[in-house]
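*Asks:*
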Amino acid sequence: MATDTLKRTPGAGGATGGLRRLLLENGALTALIVLVIAMSALSGDFLTTDNLLNVGVQAAVTAVLAFGVTFVIVSAGIDLSVGSVAALSATVLAWTATSHGVPVFIAVLLAVATGIAAGLVNGFLIAYGKLPPFIATLAMLSVARGLSLVISEGSPIPFPDSVSHLGDTLGGWLPVPVLVMIVMGLIAAFVLGRTYIGRSMYAIGGNEEAARLSGLRVKKQKLAIYALSGVFAAVAGIVLASRLSSAQPQAADGYELDAIAAVVIGGASLAGGTGKASGTLIGALILAVLRNGLNLLNVSAFWQQVVIGVVIALAVLLDTLRRKAGATPSASGASPGGKGKQAGTYALAAVVTVAIVGATSFLHNGSSASADRKMGLSLSTLNNPFFVQIRAGAMAEAKKQGVDLTVTDAQNDASQQANQLQNFTSSGVGAIIVNPVDSDAASNSVKAADKADIPVIAVDRGVNDAKTAALVASDNVAGGELAAKSIAEKLGGKGKIVILQGQAGTSAARERAQGFENGLKAFPGIQVVAQQPADFDRTKGLDVMSNLLQAHPDVQGVIAANDEMALGAIKALGSKAGKSVSVVGFDGTPDGLKAVEGGSLYASVAQQPTQLGRIAVDNALKALDGEKVRQTVKVPVKVVTKENVAGFSG
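Just so we're aligned, residue -1 is where the sequence shown starts under the working numbering, counting upward by one.
#1: Whole angstroms is fine: what's the gap from L619's alpha carbon to R612's?
#2: Using 8 Å as the cut-off, can you tell me whether the region 439 to 458 makes contact with the region 561 to 568, which would need three or more C-beta pairs spanning the two stretches below that distance?
#3: Considering only the alpha carbon of each residue, which of S425, A506, V110 lies closest to G654?
#4: Go ahead and pull the three-state DSSP assignment for A130.
#5: Are at least three pairs of beta-carbons, each pair with one atom in the region 90 to 108 and one in the region 294 to 308, less than 8 Å apart?
#6: Hey, could you find the ends of the alpha helix (DSSP H) I497 is sitting in?
#7: When you compare only the Cα positions, how much space is there between V594 and R389?
#8: Only counting the same chain, and skipping five residues up and downstream in sequence, which positions put a Cβ closer than 7 Å to that of R197?
#9: Taking the C-alpha atoms as reference points, what is the distance between S244 and Q499?
#10: Where A95 and R371 are concerned, what is the direct C-alpha to C-alpha distance, given to the nearest angstrom?
#11: Within a Cβ cutoff of 6 Å, which residues of the same chain sit near Q414, ignoring the five residues on either side of it in sequence?
#12: Rounded to whole angstroms, what is the Cα-Cα separation between T193 and R510?
#13: How is the beta strand (DSSP E) around L377 delimited, first residue to last?
#14: Relative to the C-alpha of K488, which candidate in T639, L226, S150 has its C-alpha closest?
#15: For the candidate residues D48, V176, R241, A39, whose alpha-carbon lies nearest to that of A652?
#16: Distance, Cα to Cα, V297 vs A209?
#17: For P156, which residues does DSSP report across the bridge?
#18: Secondary structure at L403, three-state DSSP: helix, strand or coil?
#19: Cutting at 7 Å between CB atoms, please list the residues of its own chain near S333, excluding the five before and the five after it.
#20: Mind reading off the beta-carbon distance from V581 to V496? Whole number of angstroms is fine, and I expect it under 8 Å.
#21: Look up S366 in the DSSP assignment and say whether it is helix, strand or coil.
#22: When you compare only the Cα positions, how much space is there between L50 and F44?
#23: With a floor of 4 residues, list each alpha helix (DSSP H) that falls wholly inside the region 460 to 530, ordered by position along the chain.
#24: Keeping to the same chain, check which residues put their C-beta closer than 7 Å to that of A125; ignore five residues upstream and five downstream.
#25: What is the rounded straight-line gap between the Cα of G113 and the Cα of I310?
#26: Taking the DSSP output, what are the residues bridged to A604?
#27: Mind checking A10: buried by the 16 CB within 10 Å criterion, or exposed?
#28: Label G572 either buried or exposed according to how many other C-beta atoms from any shown protein chain fall within 10 Å of its C-beta, with 16 as the threshold for buried.
#29: So the alpha helix (DSSP H) V553 belongs to, where does it begin and stop?
#30: Return the CA-CA distance between G127 and I202, expressed in angstroms with no decimal places.
#31: Please look up how many angstroms separate the CB atoms of D585 and A604, rounded, as I've assumed it's under 8 Å.
#32: On the DSSP bridge list, what partners appear for S580?
#33: Within 10 angstroms of the Cβ of T537, are there 16 or more other Cβ atoms? Answer buried if so, exposed if not.
#34: For G331, count the other beta carbons within 10 Å of its own beta carbon; 16 or more makes it buried, fewer makes it exposed. Which is it?
#35: Applying the 10 Å Cβ sphere with the 16-neighbour rule, what's the burial state of E254?
#36: Counting pairs of beta carbons, one from the region 81 to 97 and one from the region 269 to 282, are three or more of them closer than 8 Å?
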């Protein structure tokens, strides 16, 4: 009777009552509908077949990860390791198949087994070791990421061609990642709604002690739950690496947060006991629509993070208000008549969305007429002054030439950059400028742009195995050699130095490290006592240098793969910097040049990033107008010291 009372809505009937129940009882679905309608109204490029397929592809990896996380959250657990496990599984597949000649089928099984093993370790630590799920999976996050870097030696590994087809399309239009997402979603829905272990998840999440007293083997069930999460993480990792044609050791970094957000947005409770696969899929689609739409609307990369956070909070708040309003709760969606009602709800949602979106589409007739004066610039990161200067140079030149330039921030995530390049391609920009996170991983996206007859200009780093109209860059290897020569000559060809490397897995880090190595060969008296990555980050440069000084207090020189790490090292060295210890950086950023002028930084290999951005836009316009463009446009690097810093302008 209580159930009947909850379901009864006096005075509400027909289509109006159905729509009201739709909005009240399905907070996440309502949020998705509103987002789709809003993006369709605001951007004429959103509601195209290519772009909607892009949204599906971009949601695929997050959705597959989130399906696995749904099992864990329904059982009142948490899994922070899924992103790292995805990267490790993909690395194992590529490493065994490419480097060791293992048959691809066996390599795929090993990758899935890796995910299962990681999940079982999580489950064992939680169920039998009594560790909180947060701590156990946080530890696995670090272990799995570290193993991925160890196995790959910090470099991407080419993916087997037979598996890379998972990132392709069927019939030239239907993306395989979308099909994988649908299949894994159906499996997750079946497990949750039709199996013994699915019912066990809800029982454990609802009341673990009651589940145990009723005869449920809670510990063994937890092992199975986390193992399932590991399987889904492995599949997500394989799909992600297939899109990038390589296993990236830093892939899926931070994806665990997106996966958890998708599950919670989809209506699951972190307290356990509720959640379903369809809700998780909706949550993943909300995140994908947000990112896609904000890119199309040219929203600042910094504001995008703010907007996404606010929308996540609003979606969860709407679901909370719905529950407080007394709408019918549904733990598993398996109640009598629940499936039919759910299907009717989604059908009504589809009708409402199509009707409103169809109406808004008339607002954008002919909106792409000026696409030839639109350009997209995807930067590897904006959390670094060097790339901020590239953006500044590009935007200044675009304004001068009357070009509408959209700038995106890939946040050092090759997969996110692939999504951004797909968005540019589907929105029909006139030209694309890309500063690749990784030269191999950008290949497929650049090929797609080339297929659409959109010229692509690479800036700072090239794109491997793909055609670009031009590469505007400094030579990282040559710059590394100059840095090594500078420090060696400063030390008189003899002394102990340490090297702070860039982010493992990025082409810039590899090329500069190669340059350091090449340059030091001419100075046998220089001893490299330590080499450690500090991820191009000033804070990490400070921490790593502080640690290295404990083991090597007599160090006489430091080479850093960028100015940010060099400035961190200077902070760690304190009064030694510029006196008993000489530091050489790379990039010629404003802060780096100030340190050179002040004497704490001996030299910086300056790349003139503002010029890189300006020249990239200029060459993109030439390619767009059909003018001849040089295949490689080199912007010279220059060693800036205290003697010549006053006359240098980046």
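For each residue, glycine too, the CB sits at the ideal point set by N, CA and C.
*Replies:* Reading off the structure:
#1: Sequence index remark: in the sequence shown, residue 619 carries index 621 (1-based). Sequence index remark: in the sequence shown, residue 612 carries index 614 (1-based). Straight-line Cα distance between these residues: approximately 11 Å.
#2: The region 439 to 458 is not in contact with the region 561 to 568.
#3: This structure gives no information on residue 654, because the portion of the chain shown stretches from -1 to 648.
#4: For the purposes of this step, residue 130 is taken as residue 132 along the sequence shown, with counting starting at 1. Going by the sequence as given, residue 130 is Pro instead of Ala. Of the three classes helix, strand and coil, the one that applies to P130 here is coil, per DSSP.
#5: no
#6: For this step, residue 497 is matched to residue 499 along the sequence shown. Here I497 belongs to no alpha helix (DSSP H); instead the beta strand (DSSP E) covers 493 to 499.
#7: Looking up residue 594 in the sequence shown gives position 596. Looking up residue 389 in the sequence shown gives position 391. The alpha-carbon separation between V594 and R389 amounts to approximately 23 Å.
#8: Translated into the one-based positions of the sequence shown, residue 197 becomes position 199. Correct list: empty, nothing qualifies.
#9: Mapped onto the sequence shown, residue 244 falls at position 246. Mapped onto the sequence shown, residue 499 falls at position 501. Between the C-alpha atoms of S244 and Q499 there is a straight-line separation of about 22 Å.
#10: What you label residue 95 is simply residue 97 of the sequence shown in a count that begins at 1. What you label residue 371 is simply residue 373 of the sequence shown in a count that begins at 1. Their backbone Cα atoms lie some 45 Å apart in a straight line.
#11: Position 416 of the sequence shown, counted from the start, is the residue given in the question as residue 414. Correct list, in chain order: A408.
#12: Here residue 193 is taken as the residue at index 195 of the sequence shown, counted from 1. Here residue 510 is taken as the residue at index 512 of the sequence shown, counted from 1. In a straight line, the C-alpha of T193 is about 53 Å away from that of R510.
#13: Stepping through the sequence shown from its first residue, residue 377 is reached at position 379. Start and end: 372 to 377.
#14: For the purposes of this step, residue 488 is taken as residue 490 along the sequence shown, with counting starting at 1. Comparing Cα positions, the closest option is T639.
#15: Lying before the first or after the last residue shown, residue 652 is absent from the chain, which here runs from -1 to 648.
#16: Indexing the sequence shown from 1 puts residue 297 at position 299. Indexing the sequence shown from 1 puts residue 209 at position 211. So the alpha carbons of these two residues sit roughly 48 Å apart.
#17: On the sequence shown, residue 156 is found 158 positions in, with the first residue counted as 1. Looking at the DSSP output, P156 bridges to S244.
#18: To locate residue 403, count along the sequence shown from 1; it is residue 405. L403 falls in the strand class under three-state DSSP.
#19: Looking up residue 333 in the sequence shown gives position 335. At S333 the pLDDT is 46, less than 50, meaning the model places this residue with poor confidence and gives no usable figure here.
#20: Position 583 of the sequence shown holds residue 581. Position 498 of the sequence shown holds residue 496. Not confirmed; about 10 Å, so no contact.
#21: The residue labelled residue 366 in the question sits at position 368 within the sequence shown. In this prediction, S366 has a pLDDT of 43, which is less than 50 and means its spatial position is unreliable; what the coordinates show is noted afterwards. Coil.
#22: Sequence index remark: in the sequence shown, residue 50 carries index 52 (1-based). Sequence index remark: in the sequence shown, residue 44 carries index 46 (1-based). Using only the alpha carbons, I get a separation of about 7 Å.
#23: 474 to 488, 505 to 518
#24: Looking up residue 125 in the sequence shown gives position 127. Excluding residues within five positions, the ones whose Cβ falls inside 7 Å are K217, K220, L221.
#25: Walking along the sequence shown from the start, residue 113 turns up at place 115. Walking along the sequence shown from the start, residue 310 turns up at place 312. If I take the Cα positions, the gap works out to 28 Å.
#26: Residue 604 sits at position 606 when you count from the first residue of the sequence shown. Answer by DSSP bridge pairing, in chain order: D585, K636.
#27: By 1-based counting over the sequence shown, the position of residue 10 is 12. Interpretation of A10 is limited by its pLDDT of 44, a score under 50 that renders its predicted location unreliable; no figure is taken from the coordinates.
#28: Position 574 of the sequence shown, counted from the first residue, corresponds to residue 572. Per the 10 Å Cβ criterion, exposed.
#29: Numbered from 1 along the sequence shown, position 555 holds the residue referred to as residue 553. Segment: none, V553 is in no alpha helix (DSSP H) and carries neither H nor E.
#30: Residue mapping note: residue 127 aligns to position 129 of the sequence shown, counting from 1. Residue mapping note: residue 202 aligns to position 204 of the sequence shown, counting from 1. In this structure, the CA atom of G127 is about 18 Å from the CA atom of I202.
#31: Within the sequence shown, numbered from 1, the residue matching residue 585 stands at position 587. Within the sequence shown, numbered from 1, the residue matching residue 604 stands at position 606. Their Cβ separation, rounded to whole angstroms, is 7 Å, which keeps D585 and A604 in contact under 8 Å.
#32: For the purposes of this step, residue 580 is taken as residue 582 along the sequence shown, with counting starting at 1. Paired residue(s): G555.
#33: Position 539 of the sequence shown, counted from the start, is the residue given in the question as residue 537. Exposed.
#34: Numbered from 1 along the sequence shown, position 333 holds the residue referred to as residue 331. The predicted model places G331 with a pLDDT of 46, which falls under 50 and marks its position as unreliable; any figure quoted below should be read in that light. Buried is the label assigned to G331, since at least 16 other Cβ atoms lie within 10 Å of its Cβ.
#35: For the purposes of this step, residue 254 is taken as residue 256 along the sequence shown, with counting starting at 1. Buried, since its Cβ has 16 or more Cβ neighbours within 10 Å.
#36: no
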